[in-house]
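First the structure, in the form of C-alpha cells, and then the observations on it.
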Amino acid sequence: MKITQQSQKALVLAYMQAGNTITPIEALNKFGCFRLSDVIFRLRQSGHEIIKHDEPNTHNSGYHARYELIEEMQA
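According to my numbering, the sequence shown is numbered sequentially starting from -1.
Here it is, written out as C-alpha cells:
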C-alpha cells in the first residue's frame, strides 16, 4: 500500500493529537515517512502549533529533532 503525502500528514497529526511526540526515526518506522520535517512544515502551514526539541543522540554525538504538538485551549 502506497502512503501519500496527505495520508502521512493525517497519520502524523493523529499520532501527535493522541499526546505523542515524534522523531524522524519513529516517523520512518511507524508511517514510512522519510521526510518528517516536510510533514511538520505542512502541518504548521495548516495552522497547527508544533515545537521542536533538540535531543542528544544516545549512541553517538550530535542531536536529533523531537516534535511536539501544542494544543491550543478552546474558549
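Glycine included, every Cβ here is placed at the ideal spot set by N, Cα and C.
Cα-Cα separation between residue i and residue j, rounded to whole angstroms
| i | j | result |
| --- | --- | --- |
| residue 48 | residue 7 | 13 angstroms |
| residue 59 | residue 53 | 11 angstroms |
| residue 45 | residue 12 | 15 angstroms |
In DSSP terms, what residue i is bridged to
| i | result |
| --- | --- |
| residue 63 | 52 |
| residue 38 | Residue 38 is not bridged to any residue. |
Chain-order list of residues whose beta-carbon lies under 6 angstroms from that of residue i (same chain, five-residue window excluded)
| i | result |
| --- | --- |
| residue 50 | 63 and 65 |
| residue 19 | 64 and 66 |
| residue 28 | none |
Same chain only: Cβ atoms within 8 angstroms of residue i, ignoring 5 sequence neighbours per side
| i | result |
| --- | --- |
| residue 38 | 10, 48, 50 and 65 |
Other residues of its chain near residue i: CB distance less than 7 angstroms, five sequence neighbours each side excluded
| i | result |
| --- | --- |
| residue 32 | 26 |
| residue 21 | 62, 63 and 64 |
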